[in-house]
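At position 5 of the sequence shown (counting the first as 1) the number is 5 in the UniProt record's numbering, and the numbers step up by one without a gap. To keep things clear, I will list the structure first and then write my remarks on it.
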Amino acid sequence: MEVEERLNDVLSRIRKSEKSANRSENAVSLVAVSKTFDADSIGPVIDAGQRVFGENRVQEAQSKWPALKGRTPDIELHLIGPLQSNKAADAVALFDVIETVDREKIARALAAEMKRQEREIRLYVQVNTGLEPQKAGIAPEGTGAFVTFCREELGLDIEGLMCIPPLDENPGPHFALLAKLASQCGLSRLSMGMSGDFETAIAFGATSVRVGSAIFGAR
Ligand SMILES: *Cc1c(COP(=O)(O)O)cnc(C)c1O
1 MEVEERLNDV
11 LSRIRKSEKS
21 ANRSENAVSL
31 VAVSKTFDAD
41 SIGPVIDAGQ
51 RVFGENRVQE
61 AQSKWPALKG
71 RTPDIELHLI
81 GPLQSNKAAD
91 AVALFDVIET
101 VDREKIARAL
111 AAEMKRQERE
121 IRLYVQVNTG
131 LEPQKAGIAP
141 EGTGAFVTFC
151 REELGLDIEG
161 LMCIPPLDEN
171 PGPHFALLAK
181 LASQCGLSRL
191 SMGMSGDFET
201 AIAFGATSVR
211 VGSAIFGAR
């Protein structure tokens, strides 16, 4: 299958899952995860009409996206990997959405950079639903207080929550937990679901899914 066919297949599976979950059409948006793929592989996906992309490293994204964004200005680029505060300035300059806000230090750095660069970035808080020590994200029980801190202390407009369930577990309970936490925080956006489980995530209320290998092929 060509990359365009794989993209269209993923999009039609998203539309089908919306229907079977009684969600409205286009309730779920696709973030095409292009990490490890170069500009030559991303070009055909842009040409096929996809505009929202995800990258997990700031430096890698800097090496390919300024040129791609220059050619197609309505690209929306999401940072979906861990962010260090010394990269906050670069991240704010390049990304449109940062999905991995997970501690006070990074929230403060982002608030300061957005002000300095006069750039409004949409933000998600990442939750470590499986409490995995090697994984980024705030603990589920700390999520409410952290969202309140971001809003009240820093004046940040948090758009939603994001999670990456443990690889070896049934993702459903993790998606359900993220949805419950979001509703407790008054948030309506949920970034959850990847190539292997995006249909499940949509059934649990995902509003965006992050799909890489099902579009670009194996990494
Ligand atoms: C790589 C990655 C994805 C996409 O994973 P696939 O299994 O290739 O679809 C989604 N979310 C995050 C945070 C990632 O790092």
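Glycine is no exception: its CB is placed at the ideal position from the N, C-alpha and C atoms. Values in this document were obtained by computation on a predicted structure and should not be read as measured data.
Exercise. Quick one: grab the DSSP three-state call for ARG103.
Key: Reading the sequence shown from its first residue, position 103 is the one you call residue 103. Looking at ARG103 - three-state DSSP - the assignment turns out to be coil, as it is neither helix nor strand.
Practice problem: Confirm, please, whether the CB-CB distance from SER213 to SER195 is below 8 Å. | Solution: Reading the sequence shown from its first residue, position 195 is the one you call residue 195. Reading the sequence shown from its first residue, position 213 is the one you call residue 213. Contact: yes.
Quiz item: Applying the criterion that 16 or more other CB atoms from any shown protein chain within 10 Å of the CB defines a buried residue, is ARG210 buried or exposed?
Solution: As a working note, residue 210 is residue 210 in the sequence shown. Classification for ARG210: buried.
Quiz item: Among the residues of its own chain, which have a CB less than 7 Å from the CB of GLU99, if the five just before and after it don't count?
Solution: As a first step, residue 99 is located in the sequence shown; it is residue number 99 there, counting from the start. Result list for GLU99: HIS78, LEU79, ILE80, TYR124, GLN126, MET162, SER191, in chain order.
Quiz item: Is DSSP giving PHE198 helix, strand or coil here?
Solution: Your numbering for residue 198 matches position 198 in the sequence shown. Helix at PHE198.
Exercise. For MET162, name the three-state secondary structure that DSSP assigns.
Key: The residue you call residue 162 lines up with position 162 of the sequence shown. Of the three classes helix, strand and coil, the one that applies to MET162 here is strand, per DSSP.
Practice problem: Please name the residue in THR143, VAL52, ALA21 whose C-alpha comes closest to that of SER29. | Solution: Sequence index remark: in the sequence shown, residue 29 carries index 29 (1-based). Among THR143, VAL52, ALA21, the Cα nearest to that of SER29 belongs to VAL52.
Practice problem: Compare the Cα-Cα distances from LEU131 to each of ILE202, LEU178, THR72 and report the closest residue. | Solution: As a working note, residue 131 is residue 131 in the sequence shown. It is LEU178 whose Cα lies nearest to the Cα of LEU131.
Quiz prompt | Extent of the continuous beta strand (DSSP E) run through GLN126 | solution = Mapped onto the sequence shown, residue 126 falls at position 126. Unbroken beta strand (DSSP E) run through GLN126: 122 to 127.
Self-check item: Any non-hydrogen atom of ligand 1 within 7 Å of SER183 CB
Solution: In the sequence shown, counting from the first residue as 1, residue 183 sits at position 183. SER183: no, Cβ never under 7 Å from ligand 1.
Exercise. Using three-state DSSP, classify VAL45 as helix, strand or coil.
Key: In the sequence shown, counting from the first residue as 1, residue 45 sits at position 45. Correct three-state label for VAL45: helix.
Quiz item: Would the C-beta of GLY196 count as close to ligand 1, meaning under 7 Å from any of its heavy atoms?
Solution: Along the sequence shown, one-based indexing puts residue 196 at 196. True, at least one ligand heavy atom lies under 7 Å from that Cβ.
Practice problem: Starting from the C-beta of GLU18, find all residues in its chain whose C-beta is less than 8 Å away, skip the five residues before and the five after it, and write them out in chain order. | Solution: In the sequence shown, residue 18 corresponds to position 18, counting from 1. Excluding residues within five positions, the ones whose Cβ falls inside 8 Å are SER24, GLU25, ASN26, ALA27, VAL28, ILE202.
Quiz item: If you draw a straight line from the alpha carbon of ARG103 to that of GLU55, how long is it in whole angstroms?
Solution: Position 103 of the sequence shown, counting from 1, holds the residue named residue 103. Position 55 of the sequence shown, counting from 1, holds the residue named residue 55. Taking the straight line joining both Cα atoms gives about 20 Å.
Exercise. Using 7 Å as the cut-off, classify the Cβ of LYS35 as near or not near the heavy atoms of ligand 1, replying yes or no.
Key: Looking up residue 35 in the sequence shown gives position 35. True, at least one ligand heavy atom lies under 7 Å from that Cβ.
Quiz item: Under 8 Å, do LEU181 and THR207 count as touching if we go by C-beta distance?
Solution: For the purposes of this step, residue 181 is taken as the residue at position 181 of the sequence shown. For the purposes of this step, residue 207 is taken as the residue at position 207 of the sequence shown. Contact flag unset, no.
Self-check item: DSSP state of GLU76 mapped onto helix, strand, coil
Solution: The residue labelled residue 76 in the question sits at position 76 within the sequence shown. If DSSP states are grouped into helix, strand and coil, GLU76 belongs with the strands.
Exercise. Report yes or no: is there a C-beta of chain B within less than 8 Å of the C-beta of GLN84?
Key: Chain labels in this structure do not include chain B; a single protein chain is all it has.
Quiz item: Measuring from the CB of VAL28, is there a heavy atom of ligand 1 at a distance below 7 Å?
Solution: In the sequence shown, residue 28 corresponds to position 28, counting from 1. Every heavy atom of ligand 1 is 7 Å or more from the Cβ of VAL28, so no.
Quiz item: Of all the options ARG219, CYS185, ASN170, which has the alpha carbon lying nearest to the alpha carbon of LEU204?
Solution: One-based indexing of the sequence shown puts residue 204 at position 204. The question names Leu, but residue 204 is Phe in the sequence shown. When only C-alpha atoms are compared, the closest one is ASN170.
Quiz item: Hey, ALA89 and LEU83 are a contact pair by Cβ (cut 8 Å); roughly how many whole angstroms apart?
Solution: As a position in the sequence shown, residue 89 is number 89, starting the count at 1. As a position in the sequence shown, residue 83 is number 83, starting the count at 1. Actually they are not in contact, since the Cβ atoms of ALA89 and LEU83 sit about 11 Å apart, beyond 8 Å.
Quiz item: Alpha carbon to alpha carbon, how far is GLY172 from ASN128?
Solution: In the sequence shown, residue 172 corresponds to position 172, counting from 1. In the sequence shown, residue 128 corresponds to position 128, counting from 1. In a straight line, the C-alpha of GLY172 is about 14 Å away from that of ASN128.
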